[in-house]
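Here is the structure we will look at.
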Amino acid sequence: MDRRKILVVSAAAASLLASGAYAKDKAAQQAEVKAKAMKALEDFYKADPTIRDAVSKAPGYAVFTTYGLSFGLGGAGGKGVAHDNKSKKNTYMSIAQASAGLQIGASDTRYLFVFNDAKALTDFIDSGWDASAGAGAGAGTGKDEANVKAGAIAFTGGNAYVLTKAGLQAGIALGGSKVWKDKELN
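In our numbering, the protein residues as written are 102 to 287.
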């Protein structure tokens, strides 16, 4: 269990370094993360217009963009925003993923969590989210989004959606995901 968490954190750190996501100061970093998150949210709306209504009626949502590579072992990481629709407050979050199996590829993937109630949103922000196992594949051309996959990841407290924007990630693998509040950006 501890090795998995080390692998997840290492994969996220490597991915963030590779993506050049570091801005010079906190306000610039927040603006960059928020802009990417809002672009990802628009990508979800474009791929499935019914998501816009679900997001607007929900107590809140969280949206992430991740970048990853895999060749047997895989890792992805990124940042995002959890937004409280009532208070209009944004909380900056990080996400990391690790996997192992028969897999190869690179991907640019978006994740959207739409919460059923305020408690689920608060729990997600305060405690993070941890998914211990999963398997799958996704593809996008780099020009057009692949289909939105609802329920592609196990998530209680609302609905989760996955959108592969660019790249190809294929194979059979077991992996895990972890989401946590980004202390440096909040």
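The C-beta atom is built at its ideal place from N, Cα and C for all residues, glycine as well.
These numbers come from a predicted model, not from an experiment.
query = So what does DSSP say about SER171, is it helix, strand or coil?
reply = For the purposes of this step, residue 171 is taken as residue 70 along the sequence shown, with counting starting at 1. Strand.
Backbone secondary structure at LEU213 - three-state DSSP = Reading the sequence shown from its first residue, position 112 is the one you call residue 213. If DSSP states are grouped into helix, strand and coil, LEU213 belongs with the strands.
key: Span separating the alpha-carbon of ALA207 from that of LYS279   = As a working mapping, residue 207 is identified with position 106 in the sequence shown. As a working mapping, residue 279 is identified with position 178 in the sequence shown. Each residue's Cα considered, the two are about 19 Å apart.
request  = Mind reading off the beta-carbon distance from VAL182 to VAL134? Whole number of angstroms is fine, and I expect it under 8 Å.
outcome  = As a position in the sequence shown, residue 182 is number 81, starting the count at 1. As a position in the sequence shown, residue 134 is number 33, starting the count at 1. Confirmed, Cβ separation roughly 6 Å.
inquiry  = Taking a contact to mean a Cβ-Cβ separation below 8 Å, would you say ALA46 touches THR167 in this structure?
reply    = An answer regarding residue 46 cannot be provided, because it is not within the stretch 102 to 287 covered by the chain.
task = Would you kindly report the start and end of the unbroken beta strand (DSSP E) that includes ALA232?
result = Position 131 of the sequence shown holds residue 232. From DSSP, the beta strand (DSSP E) with ALA232 extends over 230-232.
key: ASP144 vs LEU264 beta-carbon contact at 8 Å   = The residue labelled residue 144 in the question sits at position 43 within the sequence shown. The residue labelled residue 264 in the question sits at position 163 within the sequence shown. In contact: ASP144 and LEU264 (Cβ atoms closer than 8 Å).
task = Would you please state the rounded distance, in angstroms, between the beta carbons of ALA221 and GLY259? I believe it to be under 8 Å.
result = Residue mapping note: residue 221 aligns to position 120 of the sequence shown, counting from 1. Residue mapping note: residue 259 aligns to position 158 of the sequence shown, counting from 1. Yes, they are in contact, since the Cβ atoms of ALA221 and GLY259 sit about 6 Å apart, within 8 Å.
inquiry  = Considering just the uninterrupted stretch of the alpha helix (DSSP H) at ASP154, what are its terminal residues?
reply    = Here residue 154 refers to the residue found at position 53 of the sequence shown. Here the alpha helix (DSSP H) through ASP154 covers 151-158.
query = Quick one: Cα of GLU131 to Cα of LYS284, how far?
reply = Along the sequence shown, one-based indexing puts residue 131 at 30. Along the sequence shown, one-based indexing puts residue 284 at 183. A quick correction: the sequence has Gln, not Glu, at residue 131. Approximately 12 Å between the Cα atoms of the pair.
query = From which residue to which residue does the alpha helix (DSSP H) around LEU286 run?
reply = Sequence index remark: in the sequence shown, residue 286 carries index 185 (1-based). Taken as a continuous stretch (DSSP letters only), LEU286 belongs to no alpha helix (DSSP H), as it is neither H nor E.
ask   = How many angstroms separate the CA atom of GLY175 from the CA atom of ILE196?
value = Here residue 175 refers to the residue found at position 74 when the sequence shown is read from its first residue. Here residue 196 refers to the residue found at position 95 when the sequence shown is read from its first residue. Their Cα atoms are separated by approximately 14 Å.
ask   = Excluding the five sequence neighbours on either side, which residues of its own chain have a C-beta within less than 6 Å of the C-beta of ALA141, listed in chain order?
value = As a first step, residue 141 must be located in the sequence shown, where it is residue number 40. Excluding sequence neighbours, ALA141 sits near VAL164, THR166, ARG211.
inquiry  = On the criterion of 16 or more Cβ atoms from any shown chain inside 10 Å, does ASP209 qualify as buried, or is it exposed?
reply    = The residue labelled residue 209 in the question sits at position 108 within the sequence shown. Under this definition ASP209 is a buried residue.
request  = Rounded to whole angstroms, what's the CA-CA distance from SER200 to GLY277? Just pull it up for me.
outcome  = Taking the first residue of the sequence shown as 1, we reach residue 200 at position 99. Taking the first residue of the sequence shown as 1, we reach residue 277 at position 176. Looking at the two C-alpha atoms, the distance is approximately 6 Å.
request  = Assuming TRP281 contacts MET194 (C-beta within less than 8 Å), just tell me the rounded distance between them.
outcome  = Here residue 281 corresponds to residue number 180 of the sequence shown, with the count starting at 1. Here residue 194 corresponds to residue number 93 of the sequence shown, with the count starting at 1. Correct: roughly 7 Å between the Cβ atoms.
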